[in-house]
Structures are given as structure tokens and as C-alpha cells.
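K.L.:
For the sequence shown, position 49 (counting from the first letter as 1) is numbered 49 according to the UniProt record's numbering, and the numbering increases by one without interruption. Beta carbons are placed, not taken as given, at the ideal position from N, Cα and C, and that holds for glycine. Below is one structure. I have some questions about it.
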Amino acid sequence: MKTNSSNSLLTVPTGPLKISELPPNSVGINDESIHLSLVIPTYKERDNIKNVVNILSQLLDESIPGHYELIVVDDDSPDRTWEIAQSLTTEYPQLRVMRRQQERGLSSAVIRGWQAATGNVLGVIDGDLQHPPEVLMQLLRSVEQGADLAVASRHVDGGGVSSWSIVRRILSRGAQLLGLVILPGVLGRVSDPMSGYFMVRRSAIANATLNPVGYKILLEVIGRGKVDQVAEVGYVFCERKEGESKVTWKQYVDYIHHLVRLRLSTGRVGRLNRKVNFPVGRFVRFGLVGFSGVFVDMAILYLLSDPTTLAWPLTRSKILAGEIAILNNFFWNDAWTFADVSARQQEWQQRLKRFVKFNAICLAGLVLNVLILNLVFNFLIPNRYIANFIAIAVATVWNFWINLKLSWRVTDVK
Numbered sequence: 001m002k003t004n005s006s007n008s009l010l011t012v013p014t015g016p017l018k019i020s021e022l023p024p025n026s027v028g029i030n031d032e033s034i035h036l037s038l039v040i041p042t043y044k045e046r047d048n049i050k051n052v053v054n055i056l057s058q059l060l061d062e063s064i065p066g067h068y069e070l071i072v073v074d075d076d077s078p079d080r081t082w083e084i085a086q087s088l089t090t091e092y093p094q095l096r097v098m099r100r101q102q103e104r105g106l107s108s109a110v111i112r113g114w115q116a117a118t119g120n121v122l123g124v125i126d127g128d129l130q131h132p133p134e135v136l137m138q139l140l141r142s143v144e145q146g147a148d149l150a151v152a153s154r155h156v157d158g159g160g161v162s163s164w165s166i167v168r169r170i171l172s173r174g175a176q177l178l179g180l181v182i183l184p185g186v187l188g189r190v191s192d193p194m195s196g197y198f199m200v201r202r203s204a205i206a207n208a209t210l211n212p213v214g215y216k217i218l219l220e221v222i223g224r225g226k227v228d229q230v231a232e233v234g235y236v237f238c239e240r241k242e243g244e245s246k247v248t249w250k251q252y253v254d255y256i257h258h259l260v261r262l263r264l265s266t267g268r269v270g271r272l273n274r275k276v277n278f279p280v281g282r283f284v285r286f287g288l289v290g291f292s293g294v295f296v297d298m299a300i301l302y303l304l305s306d307p308t309t310l311a312w313p314l315t316r317s318k319i320l321a322g323e324i325a326i327l328n329n330f331f332w333n334d335a336w337t338f339a340d341v342s343a344r345q346q347e348w349q350q351r352l353k354r355f356v357k358f359n360a361i362c363l364a365g366l367v368l369n370v371l372i373l374n375l376v377f378n379f380l381i382p383n384r385y386i387a388n389f390i391a392i393a394v395a396t397v398w399n400f401w402i403n404l405k406l407s408w409r410v411t412d413v414k
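Written out as C-alpha cells, the structure reads:
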């Protein structure tokens, strides 16, 4: 039987969010090896964590005694949830605790927990008892009977929500329908793609580099894993009794962002990306941000220079409008196009450094734009609009590629 010899914290894995094919320290394991590794991601759950660990331990001790582990992954909660969990390890020998201080986010917390896990079946459950623990064994039996993925669903027989408002029900269903439109090949495989309660065979996601956004890790598992057979088990989502809800509008924005990124990385665009070794999806986002900057530039130019508004001199107005447009583009690129990098470089000094580089590169791109416009118009195509289109296209590729290599460099992430 596996036990905790000490109550020391687990080392937080680093590097790519990729699950190993063989469990850590799996050489020479015997029939008493860990079968199920259940990750409990937490943030400010000190009022719930002891009850959660107690209920799950009792349930699993009756079903698979000694063949499971509970892994609490806490994002350095200000209420010190991790410390409460750590104090429980002597009473619950199957409990392991990880405290993350450099990273944030539920999905990445789950993956980091799986990276440290030793089980052949990997699972996740909320740390607030909104996911009924008694459904665990149904999920595990589904995997043992051949499923690569077993999902607890609110939208099959036996499923539902306890007391959601009509607005939240509409948002949930609307998000599901949007997902079916954007990513039918992934979301069409399960009735509850936004579920955060499931189990998956380690072999189904081994060696796949996961890149989740926000809370919806199930999208990554289905979209990037080798998931053939899927099983669903109904459950009723319960309202939390202790602590505060983590549901915000940002989760829905992250969900849409995640859908788009999966669409770009797993469909035809993704295949083109891998074939030509060019980040097509990121370039598309960069282009869309640049398109928004055109409108910002035009709007500011109008407000500053038009005779009916401030009537400033044209050159001064254009300089200020261009700089505000660059600022707009930087913030959107930082939050969306290169979000995976900027999320790990959140210090204000790092953000300022990226902005200065971005600004300089865009100004150089403007010079390049003017030079190409004149070259094409004077020597190749004597049509100012076609020449301008070619110049903008070249400058956009320049701005993207140099910013990719200099402003948002993955190699700079510490």
C-alpha cells in the first residue's frame, strides 16, 4: 500500500504541460501500484478542503483501498488552503499536496497534478463538493470497462443542476451551442463539454502537449488526446455550501478563446501550420488585432484633426492617433495573440519591456511600409491602392515575425 512517509509538499513540475507515458517512479511497480490519481485543484477552499478529503478518502478506501492517491493542487491561496491540506497528510496517507506560487489557473493546475501523479487513470474533481463524490466509482467503472474517457454530465439521464438561475442556464447552454458551431468535432462527442469532473486513461493523453485556457480542460483532453471511446455518467451539479463561487464573465471569455485556439490548431489551419512550420493561428489573431487598430487610428485622427472637432494640425494628430493605435494593438496582442507567453511574464517591468519593443518594431514597420509602397508604385505596379495593399501585407508579416522573435519570446520565460 502506498503511503506518505512525510508531509512535505510535492515539487511543482515545470516545462511543457505534457503527461508522461509511464507514471513517475513506475519502474518495478507491482500489483499494488496506484490505479487512480484524482487531482483536486483549489483556491481559497480552506472551509471545504478537510471535508472533501475526508469524504473522498472514505469512498475510495472502501472501493480501491491503497490503490489511489488524492493530489491537492493549490494556487497559493491567501487563506492558506494548501497548509490546511498539508496538515491532513498524516491522517490521510493517500493525500499529496502541491503549492503553486509561480503559475495560476485551474486547467494548468490539473495538468501539473497529473504530471506528478503515479496512476494509470487520471481524474479531476472540484474542491468545493459541487461535484457529488458518489459518482466517482461510476466514472472509474466506465474506464475499467473500456472507455478512454468518462465524463460526469449534467445533460444525460440522472444529470441536472440544483438551483441555477435562468441567466446561468442560458449562458451554459449558449456556450455549448457556440462550441458546437466552432468546434463540432470535439464538442459533438460529449453532452457536457464544459464539465470539470471526469477521468481519462493516462495512455489517452500521454505525450500530447496540452495548452488550456481558463477552466475548461476537458476541451483539451478531447481535442488533443487519443480518445476513442467516451462514456458519460449523469450527475446533479450542487451549489456550494462553503466559500465563494469562482464563476465570472472572464470564464466565458476564456472559453471562447479556447475554442478558437483549438479550432486553429486542430483543423485545416492547424495542419497547414505544422506543414509549413509557421504559427498560422497566432498570425491570424495578430492580423485581427491590427485590423482593430485601423479603426482606432481612424477614430482618433477624426476626433483630433477634423474641423468639426478639435481641429488639431494633421501631422500632430496622426502621430498621436498612430501611437494610441499601437497601444491598443499591444494590449490586445498581449492579452490574446501571445497570451500563453504574457501569462508567465506578468511583472510590470516585463510588460513595459514588451511594449517598448513592440512600439519600436511597429515604427520600423511603418518605415518599411512607406519604402515598399514607393518601390512597388514607382517600379512595378503603378496603382497606388494595389501598391499600398502589398506594402501593408509585407509590413504586417514583418511586425508579426519580429515581435514573435523579440517582444514575446518563449525563451525569455523564467
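What is the residue span of the beta strand (DSSP E) that SER305 lies within?
P.N.:
For this step, residue 305 is matched to residue 305 along the sequence shown. Run containing SER305: none in the beta strand (DSSP E); it sits in the alpha helix (DSSP H), 280-305.
K.L.:
List the whole-angstrom C-beta distance separating ASP36 from LEU140, where the pair is believed to meet the contact cut-off of C-beta under 8 Å.
P.N.:
The residue given as residue 36 occupies position 36 in the sequence shown. The residue given as residue 140 occupies position 140 in the sequence shown. The sequence given here places Leu at residue 36; Asp does not occur at that position. The Cβ separation is near 6 Å, so the contact holds.
K.L.:
Can you tell which of ASP306, TRP332, ALA206 has its C-alpha closest to the C-alpha of residue 421?
P.N.:
Residue 421 lies beyond the range of the chain shown here (1 to 414); nothing can be said about it.
K.L.:
For the alpha helix (DSSP H) containing residue 434, name the first residue and the last one.
P.N.:
For residue 434 there is no data in the structure shown, the boundaries of the chain being 1 and 414.
K.L.:
Take the Cβ of LEU375 as the centre, count every other Cβ of all protein chains shown within 10 Å, and call the residue buried at 16 or more, exposed below.
P.N.:
Locating residue 375 in the sequence shown gives position 375, counting from the first residue. Exposed, since its Cβ has fewer than 16 Cβ neighbours within 10 Å.
K.L.:
Helix or strand or just coil, what does DSSP make of GLU45?
P.N.:
Counting from one through the sequence shown, the residue named residue 45 turns up at place 45. Three-state DSSP puts GLU45 in coil, outside helix and strand.
K.L.:
Among residues of its own chain, excluding the 5 on either side of PHE377, which ones have a beta-carbon nearer than 7 Å to its beta-carbon?
P.N.:
Sequence index remark: in the sequence shown, residue 377 carries index 377 (1-based). Result list for PHE377: ARG384, ALA387, in chain order.
K.L.:
Straight-line CA distance for LEU373 to ALA343?
P.N.:
Residue mapping note: residue 373 aligns to position 373 of the sequence shown, counting from 1. Residue mapping note: residue 343 aligns to position 343 of the sequence shown, counting from 1. Answer to the nearest angstrom: the Cα atoms are 37 Å apart.
K.L.:
Suppose contacts are defined by Cβ-Cβ distances below 8 Å. Is PRO132 in contact with VAL236 by that definition?
P.N.:
The residue you call residue 132 lines up with position 132 of the sequence shown. The residue you call residue 236 lines up with position 236 of the sequence shown. In this structure, VAL236 lies closer than 8 Å to PRO132 by Cβ.
K.L.:
According to the neighbour-count rule (16 or more other Cβ atoms, all chains shown, within 10 Å of its Cβ), is SER96 buried or exposed?
P.N.:
Start at 1 with the first residue of the sequence shown, and residue 96 comes out as number 96. In the sequence as presented, Ser is not what sits at residue 96; that position holds Arg. Counting Cβ neighbours within 10 Å, ARG96 comes out buried, since at least 16 surround it.
K.L.:
Are the beta-carbon atoms belonging to ASP76 and ARG46 less than 8 Å from one another?
P.N.:
The residue labelled residue 76 in the question sits at position 76 within the sequence shown. The residue labelled residue 46 in the question sits at position 46 within the sequence shown. Not closer than 8 Å, so no.
K.L.:
Using a Cβ-Cβ cut-off of 6 Å (strictly less than) and excluding sequence neighbours within five positions of ILE111, which residues of its own chain qualify?
P.N.:
Your numbering for residue 111 matches position 111 in the sequence shown. LEU17, LEU210.
K.L.:
Going by beta carbon distance, what residues of the same chain come within less than 7 Å of ARG316, once the five residues before and after it are set aside?
P.N.:
The count along the sequence shown starts at 1 and reaches residue 316 at position 316. Within the same chain, ARG316 has no close Cβ partners at all.
K.L.:
So, helix, strand or coil for ASP79, using DSSP?
P.N.:
As a first step, residue 79 is located in the sequence shown; it is residue number 79 there, counting from the start. ASP79 falls in the coil class under three-state DSSP.
K.L.:
For LEU9, which residues from the same chain have a beta carbon less than 8 Å from its beta carbon, with the 5 sequence-adjacent residues on both sides left out?
P.N.:
The residue you call residue 9 lines up with position 9 of the sequence shown. In the same chain as LEU9, and ignoring 5 residues on each side of it, the C-beta atoms closer than 8 Å to its own belong to TRP82, GLN86, VAL97, MET98, ARG99, in chain order.
K.L.:
How would you label SER407, buried or exposed, when you count the other beta carbons within 10 angstroms and need 16 or more for buried?
P.N.:
As a first step, residue 407 must be located in the sequence shown, where it is residue number 407. Answer is buried; the Cβ neighbour count reaches 16.
K.L.:
So, for VAL12: in the same chain, excluding its five sequence neighbours on each side, which residues have a beta-carbon less than 7 Å away from its beta-carbon?
P.N.:
For the purposes of this step, residue 12 is taken as the residue at position 12 of the sequence shown. Result list for VAL12: MET98, ARG100, ARG112, in chain order.
K.L.:
Please say whether GLU62 and ALA206 have beta carbons closer to each other than 8 Å?
P.N.:
Looking up residue 206 in the sequence shown gives position 206. Looking up residue 62 in the sequence shown gives position 62. Result no, Cβ atoms of ALA206 and GLU62 do not sit closer than 8 Å.
K.L.:
Please confirm if the region 296-314 is in contact with the region 350-365, defined as three or more CB-CB distances below 8 Å between the two stretches.
P.N.:
no
K.L.:
Would you check if the distance between the CB atom of PRO212 and the CB atom of GLY127 is smaller than 8 Å?
P.N.:
Position 212 of the sequence shown, counted from the start, is the residue given in the question as residue 212. Position 127 of the sequence shown, counted from the start, is the residue given in the question as residue 127. Contact: no.
K.L.:
Please state the DSSP three-state secondary structure of ILE372.
P.N.:
Stepping through the sequence shown from its first residue, residue 372 is reached at position 372. Of the three classes helix, strand and coil, the one that applies to ILE372 here is helix, per DSSP.
K.L.:
Drop a sphere of 10 angstroms on the beta-carbon of VAL227, count the other beta-carbons inside from all chains shown, and report buried for 16 or more, exposed for fewer.
P.N.:
The residue given as residue 227 occupies position 227 in the sequence shown. Label assigned to VAL227: buried.
K.L.:
Would you call the CB atoms of ALA152 and ALA231 closer than 8 Å?
P.N.:
Residue 152 sits at position 152 when you count from the first residue of the sequence shown. Residue 231 sits at position 231 when you count from the first residue of the sequence shown. Contact: no.
K.L.:
Rounded C-beta distance between ALA325 and GLY365? I'm assuming under 8 Å.
P.N.:
Counting from one through the sequence shown, the residue named residue 325 turns up at place 325. Counting from one through the sequence shown, the residue named residue 365 turns up at place 365. Contact doesn't hold; Cβ gap of about 12 Å is too wide.
K.L.:
Can you tell me whether ASP157 is buried or exposed, with buried defined as 16 or more other CB within 10 angstroms of its CB?
P.N.:
What you label residue 157 is simply residue 157 of the sequence shown in a count that begins at 1. Classification of ASP157: exposed, given that the 10 Å Cβ count is below 16.
K.L.:
Quick check on DSSP: helix, strand or coil for SER342?
P.N.:
Within the sequence shown, residue 342 is the residue found at index 342, counting from 1. Correct three-state label for SER342: helix.
K.L.:
Where does TRP114 land, buried or exposed, given buried means 16+ other C-beta within 10 angstroms?
P.N.:
If you number the sequence shown from 1, residue 114 lands on position 114. By the 10 Å Cβ count, TRP114 comes out buried.
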